[in-house]
Amino acid sequence: MLRKIQKSDQEAFLALSKEFYQSDAVSHPVPESYHLRAFQEMMRSDAYLEGYIFELEGQIVGYALTAKTFSPEAGGMALWLEEVYIRPAFRSHGLGREFFEYVEALEGFARLRLEVAPENTRAIQLYERLGYQPLDYLQRVRDRG
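Anchor point for the sequence shown: position 9 equals 9 in full-length UniProt numbering, and the numbering is continuous, going up by one each time.
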């Protein structure tokens, strides 16, 4: 089951977010304070960041985050699928597919966009089955704290 994140999910979200950033799905960890800042932003407003909780048999087993931006290249609003994490023991139960069906049904977005670590072959295979194509850019960032 997929549902919107709630204030009462803070502890579970923080634990899951930390797990995600310690997994091979990402190339590097982030400071612990970033997890809390993300949660606080979701509770403040859904203008930029929205969160979802995956539940299976009444147990919280994962989360997903989306972020909104305008993309001139896409000709309109873009929905970034920022993070999708389901604990390994609960994968292959249709939770990821449920999330993708949900976001693909959202209106008002010219593009759905995600990034994936090259080593995360299982996720890449899922994204390919769902019709997501590579976007051949090398990304550069400059973090400002």
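Here a beta-carbon is modelled for each residue, glycine too, at the ideal position from N, C-alpha and C.
Taking a C-beta distance under 8 angstroms as the contact criterion, Phe20 and Glu83 qualify as a contact pair. Apart from sequence neighbours up to five positions away, the residues of its chain that approach Asn120 with a beta-carbon distance below 7 angstroms are Asp24, Ala25, ordered along the chain.
Using a Cβ distance threshold of 8 angstroms, Leu95 and Val103 do not count as a contacting pair. Of Leu130, Thr66, Glu115, Ile124, the smallest CA-CA separation from Leu138 is found for Glu115. A Cβ-Cβ distance of about 7 angstroms is found for the pair Leu65 and Ala38, placing them in contact under the 8 angstroms criterion. Assignment of beta strand (DSSP E) within the UniProt domain "N-acetyltransferase" (1-145), counting only whole runs of 3 or more residues, yields 2-4, 49-56, 59-71, 76-86, 111-114 in chain order.
Distance from Gly51 to Ile5 at the Cβ level is roughly 3 angstroms; contact confirmed, criterion being Cβ atoms closer than 8 angstroms.
Comparing alpha carbon positions, the residue from Ser27, Val61, Ala78, Arg129 closest to Glu11 is Val61. Excluding residues up to 5 positions away in sequence, Glu32, His35 lie with their Cβ nearer than 8 angstroms to the Cβ of Lys18 in the same chain. Leu14 is the residue among Arg87, Leu14, Met43 whose C-alpha sits nearest the C-alpha of Val30. Beta-carbon to beta-carbon, Tyr48 and Glu41 are separated by about 7 angstroms, close enough to satisfy the 8 angstroms threshold.
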